[in-house]
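12 is the number of the first residue of the sequence shown in the working numbering; add one for each residue after it. Ideal placement from N, C-alpha and C gives every residue a C-beta, glycine not left out. Source: prediction; values computed, not measured. First up is the structure itself, then whatever we jot down about it.
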Amino acid sequence: MEREFMEFDVVIVGAGPSGLSAACRLKQKAAEAGKEISVCVVEKGSEVGAHILSGAVFEPRALNELFPNWKELGAPLNTEVKRDDIYLLKSADKAAKVPNFFVPKTMHNEGNYIISLGNLCRWLAQQAEALGVEIYPGFAAQEALIDENGVVRGIITGDLGVDREGHPKEGYYTPGMELRGKYTLFAEGCRGHIGKQLIKKFNLDSEADAQHYGIGIKEIWDIDPAKHEQGLVVHTAGWPLSDENPGGSFLYHLENNQVVVGLIVDLSYSNPFLSPFDEFQRYKHHPVIAQYLEGGKRVAYGARAICKGGLNSLPKMVFPGGALIGCDLGTLNFAKIKGSHTAMKSGMLAAEAVAEVLLADGQGGDLLNGYVDGFKASWLYDELFRSRNFGAAIHKFGAIAGGAFNFIDQNIFGGKIPVTLHDNKPDYACLKPAAECQRIEYPKPDGKLSFDKLSSVFLSNTNHEEEQPCHLKLTDASIPLSVNLPKFDEPAQRYCPAGVYEVVTQEDGEKRFQINAQNCVHCKTCDIKDPSQNITWVAPEGTGGPNYPNM
């Protein structure tokens, strides 16, 4: 089929912090040279920021480089961190505050800001458009355009107006377009579906450790002004999680008497009965957290997977015609629990390499070796190198012994301890059979601090065109009931934070695996944690998914 096409110098997939920073830097470098570089950013969300979810305590280092005058330009960094409180939760009602001296340096947040990353991306999009970048929200990149020589030449956006069987709907069908570029940068976020395909096609992870992930679940609350302390950052470790099922939590005091509260569950957890959503709900009842939330009102909910493997898990960054940036590459610094500044810097480094090639010969298509060299010479590499052991230490030694290792590594050796830990067991392979694990009975939500999945998904403003093809693809439709159910009690029922997967018992007693794709908040957990690796997440029609106002 002949598709319409548009041609650009650079096509960027994803309007998150890395993609938008790359777009801005490309235009800045072109302006410095007195030349033109045409840049297009395609974004699957209904608007820029609609699919962005992060904690977020933000380190402004990359932003200082990209826009030194960001304060004058009105960047939405309104709440500077005033204090860090870190607790070890020992049980459902006991906690110990960790003395400041024993906290790894990477967990100190002086000079950082509590922000909405979605709102920062909206601001970055305004700066990009002012520089001449074309941004197309509501268009999902469906596949990479790869020519006969194996060079990536852009992307194809998804068709619009297709029914469940893949047939065009009369009067609604619009075929996807080719967006062609001399270079294509993939900034889809954690577990990007085209990035995943490119890693496999070009064997980019052949020398990397297994990537590791967590699922972050987050809510925004309006709280009693008497309980609000703007600029307070609270982190916890321990209960309700454990060394076998690790993770940690956050509660940040924004402006306007709001707090954001969330739980990150490491997707290396072993008990198939564990539900990250329900762990989060009961966590909010701990006195350390409940003291802030009681009497408040929950106003937003969402979830997103994060890459946490760090430097050891980075795939090769480049391939003919393009590169991976941000969380599509896996640049989050787990030692800091921060990925926005690192994503921005990776996008800026890729943009500088692209600009150097295009401003020199205008052709493109070759490997972006300048990006690799720039990365290795940058503070981004140094930061990821210094934190390379953080996640592996927790996985290998547990929260307390791993925390002690990280204290020694970070505070005494400055991240340069002469040991590199490796963790090559994929997260999906960490699940134990249900027969070896204890079933977890979760308390019923009280409707005040804890809630059910469906009312939570409602707050995410998630919507999909119901008649489109299911974007959650099963390689073998029999596996959920024939393998995952008897062996693992089908954990998709629990690891999904949006109630997408259900095992339904029919009137005749037969069981059926049901996918409620319209509930999907695009967190990608199913693609990561399914023990049979049978689920592939692909982009649904553009504009589908959550519509986060200020996550």
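Identify every run of the beta strand (DSSP E) within the segment 476-536, keeping only runs that are complete inside it and at least 3 residues long; order them along the chain. 483-485, 512-516 and 522-526
Taking the alpha-carbon positions, what's the E521 to C318 distance? Position 510 of the sequence shown, counted from the start, is the residue given in the question as residue 521. Position 307 of the sequence shown, counted from the start, is the residue given in the question as residue 318. Straight-line Cα distance between these residues: approximately 38 Å.
To the nearest angstrom, report how far apart Y224 and G149 are at their CA atoms. Translated into the one-based positions of the sequence shown, residue 224 becomes position 213. Translated into the one-based positions of the sequence shown, residue 149 becomes position 138. So the two alpha carbons sit approximately 27 Å from each other.
Quick check on DSSP: helix, strand or coil for F78? Looking up residue 78 in the sequence shown gives position 67. In this structure, F78 counts as coil in the three-state DSSP scheme.
Using C-beta distances below 7 Å, list every residue in its chain close to S49, excluding the 5 sequence neighbours before and after it, in chain order. The residue labelled residue 49 in the question sits at position 38 within the sequence shown. The beta carbon of S49 is closer than 7 Å to those of F19 and D20 in its chain, skipping five residues each way along the sequence.
C51 - partner residues in DSSP beta bridges: Taking the first residue of the sequence shown as position 1, residue 51 is located at position 40. According to DSSP, C51 bridges with V22 and E145.
Whole-angstrom distance between E478 and K180, CA atom to CA atom: Working through the sequence shown from its first residue, we reach residue 180 at position 169. Working through the sequence shown from its first residue, we reach residue 478 at position 467. Cα to Cα, the separation comes out at about 9 Å.
Write down every uninterrupted run of the alpha helix (DSSP H) in the segment 271-318 whose length is 4 residues or greater and which is fully enclosed by it, in chain order. 287-294 and 298-304
Assuming contact is defined by CB atoms lying nearer than 8 Å, are Q208 and T90 in contact in what I supplied? Start at 1 with the first residue of the sequence shown, and residue 208 comes out as number 197. Start at 1 with the first residue of the sequence shown, and residue 90 comes out as number 79. No, the pair does not count as a contact, with Cβ atoms beyond the cut-off.
Quick one: what's got a C-beta closer than 7 Å to R397's C-beta in the same chain, skipping five residues either side? Reading the sequence shown from its first residue, position 386 is the one you call residue 397. So the list reads G425, G426 and K427, once near-sequence residues are dropped.
Can you name the residues that DSSP bridges to E134? As a first step, residue 134 must be located in the sequence shown, where it is residue number 123. The residue asked about is misnamed: residue 134 is Trp in this sequence, not Glu. None; W134 has no bridge partner.
Residue from E452, L135, E363 and M188 whose Cα sits closest to the Cα of E290: Here residue 290 corresponds to residue number 279 of the sequence shown, with the count starting at 1. Nearest C-alpha to E290: E452.
Note down the Cα distance separating W390 from V383, rounded to an integer number of angstroms. By 1-based counting over the sequence shown, the position of residue 390 is 379. By 1-based counting over the sequence shown, the position of residue 383 is 372. Going by the C-alpha atoms only, they are around 13 Å apart.
Extent of the continuous beta strand (DSSP E) run through I428: Sequence index remark: in the sequence shown, residue 428 carries index 417 (1-based). Segment: none, I428 is in no beta strand (DSSP E) and carries neither H nor E.
Proximity winner among Y184, S489 and L171, relative to G555 (alpha-carbon distances): Reading the sequence shown from its first residue, position 544 is the one you call residue 555. Nearest C-alpha to G555: L171.
For the beta strand (DSSP E) containing G192, name the first residue and the last one. Within the sequence shown, the letter at position 181 stands for residue 192. Note, G192: beta strand (DSSP E), E189 to F197.
How about the segment 137-154 and the segment 55-73: do they share at least three Cβ pairs that are nearer than 8 Å? yes
Segment contact, 8 Å Cβ cut-off, at least three pairs: the segment 305-313 with the segment 104-124: no
What are the boundary residues of the alpha helix (DSSP H) that I405 is part of? On the sequence shown, position 394 is the one that residue 405 refers to. Under the DSSP assignment, I405 falls in the alpha helix (DSSP H) whose first and last residues are F401 to F418.
Span of the beta strand (DSSP E) holding R94? Locating residue 94 in the sequence shown gives position 83, counting from the first residue. Start and end: R94 to L100.
Can you name the start and end residues of the beta strand (DSSP E) that R164 belongs to? Within the sequence shown, numbered from 1, the residue matching residue 164 stands at position 153. Here the beta strand (DSSP E) through R164 covers V163 to T168.
Would you please state the rounded distance, in angstroms, between the beta carbons of D438 and L325? I believe it to be under 8 Å. For the purposes of this step, residue 438 is taken as residue 427 along the sequence shown, with counting starting at 1. For the purposes of this step, residue 325 is taken as residue 314 along the sequence shown, with counting starting at 1. So it is not a contact: roughly 17 Å between Cβ atoms.
Can you tell me where the beta strand (DSSP E) with H246 in it begins and where it stops? Here residue 246 corresponds to residue number 235 of the sequence shown, with the count starting at 1. That run of the beta strand (DSSP E) goes L243 to G249.
Consult DSSP for N344 and reduce its assignment to one of helix, strand or coil. Translated into the one-based positions of the sequence shown, residue 344 becomes position 333. Looking at N344 - three-state DSSP - the assignment turns out to be strand.
Between which two residues does the alpha helix (DSSP H) carrying D393 extend? Along the sequence shown, one-based indexing puts residue 393 at 382. From DSSP, the alpha helix (DSSP H) with D393 extends over W390 to R397.
Identified DSSP bridge partners for E154: Counting from one through the sequence shown, the residue named residue 154 turns up at place 143. The partner list for E154 (beta bridge, DSSP) reads I167.
Please name the residue or residues paired with M118 in a DSSP beta bridge. For the purposes of this step, residue 118 is taken as residue 107 along the sequence shown, with counting starting at 1. Among the bridge pairs identified by DSSP, M118 is matched with none.
What residues match up with Y263 in a beta bridge as DSSP calls it? Position 252 of the sequence shown, counted from the first residue, corresponds to residue 263. Y263 pairs with V244 and V271.
Considering only their Cβ atoms, is the gap separating R14 from I167 smaller than 8 Å? Here residue 167 refers to the residue found at position 156 of the sequence shown. Here residue 14 refers to the residue found at position 3 of the sequence shown. Going by C-beta atoms, I167 is nearer than 8 Å to R14.
If we ignore side chains and look at the alpha-carbon of each, how far apart do L190 and D457 end up? Working through the sequence shown from its first residue, we reach residue 190 at position 179. Working through the sequence shown from its first residue, we reach residue 457 at position 446. Distance from the CA of L190 to the CA of D457, rounded to the nearest whole angstrom, comes to 49 Å.
Which value, in whole angstroms, describes the spacing of the CA atoms of A354 and E140? To locate residue 354, count along the sequence shown from 1; it is residue 343. To locate residue 140, count along the sequence shown from 1; it is residue 129. Answer to the nearest angstrom: the Cα atoms are 20 Å apart.
Check I205 in the structure and name its three-state DSSP category. One-based indexing of the sequence shown puts residue 205 at position 194. Here I205 sits in helix by DSSP.
Simplified DSSP assignment, three categories, for T473: Against the sequence shown, residue 473 aligns to sequence position 462. In this structure, T473 counts as coil in the three-state DSSP scheme.
For Y563, which residues does DSSP report across the bridge? Residue 563 is absent from the model: the chain starts at 12 and stops at 562.
Measure the C-alpha to C-alpha separation of K347 and R523 and round it to an integer number of angstroms. Here the question's residue 347 lines up with position 336 in the sequence shown. Here the question's residue 523 lines up with position 512 in the sequence shown. Distance between the alpha carbons of K347 and R523 is about 43 Å.
In whole angstroms, give me the CA-to-CA distance for D95 and P251. What you label residue 95 is simply residue 84 of the sequence shown in a count that begins at 1. What you label residue 251 is simply residue 240 of the sequence shown in a count that begins at 1. So the alpha carbons of these two residues sit roughly 21 Å apart.
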